[in-house]
Amino acid sequence: MLTKKRSLSGDRCFSPEPIQRQIAHQFFDSISALPLVCPHGHVDPALLANPAARFGSPTELFIIPDHYIFRMLYSRGIPLQALGIPTSDGSLIETDHRKIWQLFAEHFYLFRGTPSGLWLKDELYNVFGVDEPLNSRNAGDIYDYLEEQLTLPEFSPRALFKRFNIEVLCTTDAASDTLEHHQSLHQEGFTHIRPTFRPDAVVNLDTPGWRENLAKLESTVDWEISTYATFVQALEERRAFFKKMGATAIDQSAATPYTTHLSDQEAEAIFARALVGKLNPGDAQHFTGHMFVEMARMSVEDGLVMQMHCGITRNHNPAVFEQFGSDKGADIPLQIEWTENLRPLLEVYGNNRNFHLILFGLDESTYSRELAPLAGHYPAILLGPPWWFHDSVNGMERYFNQVMETAGLYNTAGFNDDTRAFVSIPARHTVWRRIACNWLAGLVTRGLVEEEEGYEMARALAYDLARVAYKLD
Amino acid sequence: MLTKKRSLSGDRCFSPEPIQRQIAHQFFDSISALPLVCPHGHVDPALLANPAARFGSPTELFIIPDHYIFRMLYSRGIPLQALGIPTSDGSLIETDHRKIWQLFAEHFYLFRGTPSGLWLKDELYNVFGVDEPLNSRNAGDIYDYLEEQLTLPEFSPRALFKRFNIEVLCTTDAASDTLEHHQSLHQEGFTHIRPTFRPDAVVNLDTPGWRENLAKLESTVDWEISTYATFVQALEERRAFFKKMGATAIDQSAATPYTTHLSDQEAEAIFARALVGKLNPGDAQHFTGHMFVEMARMSVEDGLVMQMHCGITRNHNPAVFEQFGSDKGADIPLQIEWTENLRPLLEVYGNNRNFHLILFGLDESTYSRELAPLAGHYPAILLGPPWWFHDSVNGMERYFNQVMETAGLYNTAGFNDDTRAFVSIPARHTVWRRIACNWLAGLVTRGLVEEEEGYEMARALAYDLARVAYKLD
Amino acid sequence: MLTKKRSLSGDRCFSPEPIQRQIAHQFFDSISALPLVCPHGHVDPALLANPAARFGSPTELFIIPDHYIFRMLYSRGIPLQALGIPTSDGSLIETDHRKIWQLFAEHFYLFRGTPSGLWLKDELYNVFGVDEPLNSRNAGDIYDYLEEQLTLPEFSPRALFKRFNIEVLCTTDAASDTLEHHQSLHQEGFTHIRPTFRPDAVVNLDTPGWRENLAKLESTVDWEISTYATFVQALEERRAFFKKMGATAIDQSAATPYTTHLSDQEAEAIFARALVGKLNPGDAQHFTGHMFVEMARMSVEDGLVMQMHCGITRNHNPAVFEQFGSDKGADIPLQIEWTENLRPLLEVYGNNRNFHLILFGLDESTYSRELAPLAGHYPAILLGPPWWFHDSVNGMERYFNQVMETAGLYNTAGFNDDTRAFVSIPARHTVWRRIACNWLAGLVTRGLVEEEEGYEMARALAYDLARVAYKLD
């Protein structure tokens, strides 16, 4: 009944129930050729700005930069050094990329049933044409094959960008970023690669290296930021520059979505304490909460869409942080609260129809309890797609199940891949599109929406909602 | 495979899996003729007390009073004024109901996949015979048709009450209510329309207008309520009157299910501070928590079933509250805690077998963690059906999935529609009954309950459990 | 379509979808003969140490010792006395076991759709050959039949242990336990019955009877425990003895997974206050939090696997506690937090690959938010199976759905039955195995894992993971 063929199933992600599966196919067929809209992610613009850029070895492409991958291997006892992850102190790591790949292949079974496993299979098959499951025996051959492919012009980032049919790709960039890569891309006519303003490094006063981050911002704006007022002025100037360079959105992140209004005096006082390195307890949280409101004010003024990503403890594992730095798979979500925390911001800006506030969280218990009711009432609020750990088959199904009845489809923001792994972009969108079509097919087979409506909703989920939410039209 | 016919599917809500669907049909057929038991809701008794009452225009029936509907339209940027929602200050609103209906129809796609959309389709089709999906093109014709129907005697509230096969309908009434409509209904023999005692407006000391609410209560009991002792006496007298008028239940609501025992002196002191408008921080919460225990005491004494509805922040959006008042779709749920909060109440009354305490919450993370284990132990506790946002296809399925294994079916309280939208009552019960039958069919097809048991459980969910829980036998 | 045959369905727990069901059968057939691995539970070793031990009457076997059963009956108003549950004060209870059984049978419908109901049907059918659903009419006959069977040698605990194909059974034993039954079992060669070190009674300073528990520990180690230092020494000595008697694991439990480091002076001071019965507020919690870290240290040193069971309020109902004692179905789960609470422990021991820390909780909202991300990063952490209330069809499906994509299958610890109801062991493992196979069949039919992988994953879930997690190889 099941064939032994090991290539990627054309039915993947769809329900086994024949009628639902057939309708899911119909919906998917109707939208699978639509271009990819990528309004939030972490691709390095340098990859695309330089026509000669290449991805490097298979290990450099698939393992070393991807904390989704190496955290799983680490959790089963494989040292990060053995995977070639660079150390902060320059201590020795494995440099034989073929050997790292072999180790990865031997442990590829760890990714069974995970989204990373699904994306990797899709990438190997659909991007590189590897129609064999990776294992310890064929690891070397597949490495050699991939290594060769990666040197070819058709596997350059630019060639893949075209092949992937990406209509727009937004990167995420520090407030101090000069956007030189975006400038050169724009000069070449790549205006569909857009920056996103991310001020966390200077707004969150307890960020490691805050003083240096501020110095970079000073250097970029070319004036001294010695007061809260000049700090705000610098942010406003940078936002204007980002907007000029094509940005339609900003992104702000904190452990909690706490928002508050500080008086100018209070904000100045905290900022002054930060400058001398003498923050009081609570200062950083109050300041971030205040800056959420300030960023909302600026968004109302300049029209940039505002994203909030909340609910993660960064660098939970001090040993890993000290040896390897940030973004090493050691970020762990927290319980969070939106209803009371967002109130100060919403009471000022929540009723503004032109203000788009897109919310992302990792605490799924808030989907049906807080986020969907908030989105189903406030004109400003849209819900972002399932984020990070929840960007998965089950994560998406929980999201559709828990969000849509109360928020309504049209208060959501479509999909974004949120990835720094450029080559995984089509695989991630495909999972979203398939799961969305399967969900809609379920609604149709259960008599809850009409088939014609399903086609429109499928298109919205795959394409339209993201464009509208991020003002990309 | 799917027809283009746009009428309501007879399979709606059922699984597409053929065997499960067939069994779901069998169960549903066996219970669909049972009368509707409506033990908790917000229908205005005046509608039924006056034989000449009519629903007004289609817009007055479907849109203006229904915050489920207009909150969704508001969330997508349609001003409440444009929907004819009355303003507190009497400022201008749209008064052309046909135009409002047109606007609604143009945005009817917003309700795709929502419970409101499902109910509306059911009401239009099954109550009014509109067998065409509402859209911008046919909006005017459908409006004219509905408008005409609504003037006919067979679409009077009383005629529909009979047609809907409602066995008992409980309204929700303020402690100060004279129940004049219930009195006249009873004199006519409509004893199956029963009041429910809801003392929130005088018990929650921080309710806007508390002093005026208390004055109304004073006026109703016709004595001065100048102390906590006389306040309690007034509540007891009113409960006795409600019971005489057919009430079998009370309903009490607060943001949190916090319960506590205050001494008489403490209660008197807080009440005295409330009377002079000088509450201390925490006073209102302690007093409400204490009154939960007091109401439980009275229920143990007078036998009235006690309902608790907890977990919502009322009037989250001050701009909407100031301009339009309460119940305008701006109530947002909160995380809550039952295990520790209910303890003071339960240690006194939780083991009483004749005391029925029916719990309702909006924090679904408490279903499997707190509510089901509490109901599966304490003789007094029953769990109410999925409430408000969760009165939906997925909300019910989450409830069955997360509650039943631990609480057991017979510690639940069946369904209640909780609606002020009288015409939506059958549609709401139908969704519950269909989802219940589909859930039971799933248990049968998975070999977890026998088919014969399924029939009994279907009847219990549709009819028996509500009657037993609310002492309606 | 459905037969009227009332025996246990061979398809039970499987999806009705034909292809998924068929693959689930294939997987289940491939693993159903594997021996049972029972690494955590509460079976009394005396049952097995004495060859002459018998289970007593059907009521003594199925009802009196099983709080899963009598809590449900109690919740519907049946007094615990009427079920023969012994009272602390020796006040009168029902002693006619046949009459209790009759009462139980009359209320057997309360267990519809519950895991207890499913286990009971399985036990009656598969262990005792009762192929008729229990009801009020056949209750007496079934009682008589069971009573007779239970006197037969083939229904002795030892005979059933063999028949059940149990490869290893770990009991749970107090720190002060002399393990005399384990000693005699070992002398007979029953080395596959292993103790587990559970120090809660002496570690949690607010345990009722703590001083007496400590006295028992003193008596066992045969020296005075007058200081924190000697207390730790006693625990270390006992762990060594347990290990010698075959233990591979310890188990520690608290309401919250709060962990902290106390200095020796702080720990000594709290311990001294406990000895004189004058604990300060917070002392017990800090001490337990510190002892979690201490137990982790010892586990790193002696290699014993560390289990943490967190998130339950014990003895929530004081009336039941006073009259009947602990473990009477009145334990209610609480919301808990892992991410911040475990940090002090993890920053010292979380990166140790040889340290196995198996986590169990009852707050399912932490599955996808905290537990899976923690397990998917820290080498030490493994996730235990769904615990207690969640050891059920839906509980397991929620676990698979919410844990596996992020944690990965190989960061989980397989199944354990956690039961004191010895006869229910095969039924519990069967539900796990069936649900696991059905979940895997779903992954295969949805194209997410290959069929070959499914066989390996099924075996891992049924057998391998538990052996590896508990170091039973």
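Protein chains in written order, with UniProt numbering: chain A, 1 to 473; chain B, 1 to 473; chain C, 1 to 473.
Ideal Cβ placement from N, Cα and C applies to all residues, glycine included.
As the structure is a prediction and not an experimental result, all values here were calculated from the model.
| Asked | Found |
| --- | --- |
| Give me, in chain order, the residues of the same chain whose beta-carbon lies closer than 6 Å to that of A:K325; leave out the 5 immediate sequence neighbours on both sides. | The sequence shown places Gly at residue 325 of chain A, not Lys. Once the five neighbours on either side are set aside, the close Cβ partners of A:G325 are S88. |
| Under DSSP, the beta strand (DSSP E) around B:Q252 begins and ends at which residues? | A249 to A254 |
| Mapping the DSSP letters down to three states, classify A:L440 as helix, strand or coil. | helix |
| Here's the rule: buried if 16 or more other CB atoms are within 10 angstroms of the residue's CB, otherwise exposed. What is A:Q252? | buried |
| Counting only the same chain and skipping the five closest in sequence on each side, list residues whose C-beta sits under 7 Å from that of A:E453. | none |
| From C:R433 to C:A462, what distance separates their C-alpha atoms? | 6 Å |
| Please identify the residue among B:P18, B:T248 and B:E266 whose C-alpha is closest to the C-alpha of B:A466. | B:T248 |
| Might you give, ordered along the chain, the residues of its own chain that have their beta carbon closer than 8 Å to the beta carbon of A:S226, omitting 5 neighbours on each side? | L275 |
| Kindly say whether C:I19, judged by its beta-carbon, lies nearer than 8 Å to any beta-carbon of chain B. | no |
| Opposite B:P333 in the DSSP bridges: which residues? | B:I312 |
| Report back the beta-carbon spacing between B:I85 and B:T59 to the nearest angstrom; my notes put them in contact at under 8 Å. | In fact, because the Cβ distance is near 11 Å, the residues do not count as touching under 8 Å. |
| Rounding to the nearest angstrom, what Cα-Cα distance links B:R76 and A:L345 in this structure? | 19 Å |
| Return the CA-CA distance between A:S424 and A:S219, expressed in angstroms with no decimal places. | 35 Å |
| Given C:F231, which residues of its chain have a CB within under 7 Å of its CB, disregarding the five upstream and five downstream residues? | I225 and F271 |
| Could you name the residues of the segment 445 to 457 of chain C whose beta carbon sits closer than 7 Å to any beta carbon of chain A, in the order they occur along the chain? | T445, R446, G447, L448, V449, E450, E451, E453 and M457 |
| Using the Cα positions of B:G289 and B:W387, report the straight-line distance between them to the nearest angstrom. | 21 Å |
| In three-state terms, what does DSSP make of A:T23? | Inspection of the sequence shows that residue 23 of chain A is occupied by Ile rather than by Thr. In this structure, A:I23 counts as helix in the three-state DSSP scheme. |
| In the structure shown, what three-state DSSP assignment does C:K4 receive? | Confidence is the limiting factor: at C:K4 the pLDDT is only 41, short of 50, which leaves the residue's position unreliable, though a coordinate-based value still follows. C:K4 falls in the coil class under three-state DSSP. |
| Which residues mark the beginning and the end of the alpha helix (DSSP H) in which C:I100 is found? | H97 to E106 |
| With a cut-off of 8 Å, do at least 3 Cβ pairs link the segment 386 to 401 of chain C to the segment 361 to 373 of chain B? | yes |
| Need the endpoints of the alpha helix (DSSP H) that C:L304 sits in, please. | No alpha helix (DSSP H) holds C:L304; DSSP gives it neither H nor E. |
| Can you check whether the C-beta of A:Y410 is within less than 8 Å of a C-beta belonging to chain B? | yes |
| Which of the three DSSP states is assigned to C:T178 in this structure? | coil |
| Buried or exposed: which applies to B:E322, given that a residue is buried once 16 or more other Cβ atoms fall within 10 Å of its Cβ? | exposed |
| Let's see if you can read the secondary structure: which residues bound the beta strand (DSSP E) around B:V449? | Looking at the DSSP string, B:V449 is not in any beta strand (DSSP E), and its letter there is neither H nor E. |
| Measuring straight from C-alpha to C-alpha, what distance separates A:I19 and A:R446? | 11 Å |
| In this structure, does DSSP put B:T412 in helix, strand or coil? | strand |
| Kindly indicate if chain A contains any beta-carbon less than 8 Å away from that of C:L374. | yes |
| So A:N438 and A:S30 are in contact, right, with Cβ under 8 Å, and what is the actual spacing, rounded? | A:N438 to A:S30, Cβ: 14 Å. No contact. |
| Under 8 Å between the Cβ atoms of A:N352 and A:P373? | no |
| Note the first and the last residue of the continuous alpha helix (DSSP H) segment covering C:I270. | D264 to L275 |
| Indicate the three-state DSSP secondary structure (helix, strand or coil) for B:F14 in the structure shown. | coil |
| DSSP three-state call for B:E167: helix, strand or coil? | strand |
| Could you tell me which uninterrupted alpha helix (DSSP H) segments, each at least 4 residues in length, are contained entirely in the segment 30 to 64 of chain A, listed from first to last along the chain? | 45 to 49 and 58 to 62 |
| Do we get a CB-CB distance below 8 Å when we pair C:S9 with the residues of chain B? | yes |
| Are the CB atoms of A:T460 and A:F27 nearer to each other than 8 Å? | Per the sequence shown, residue 460 of chain A should be read as Ala rather than Thr. Taking 8 Å as the Cβ cut-off, A:A460 and A:F27 do not qualify as a contacting pair. |
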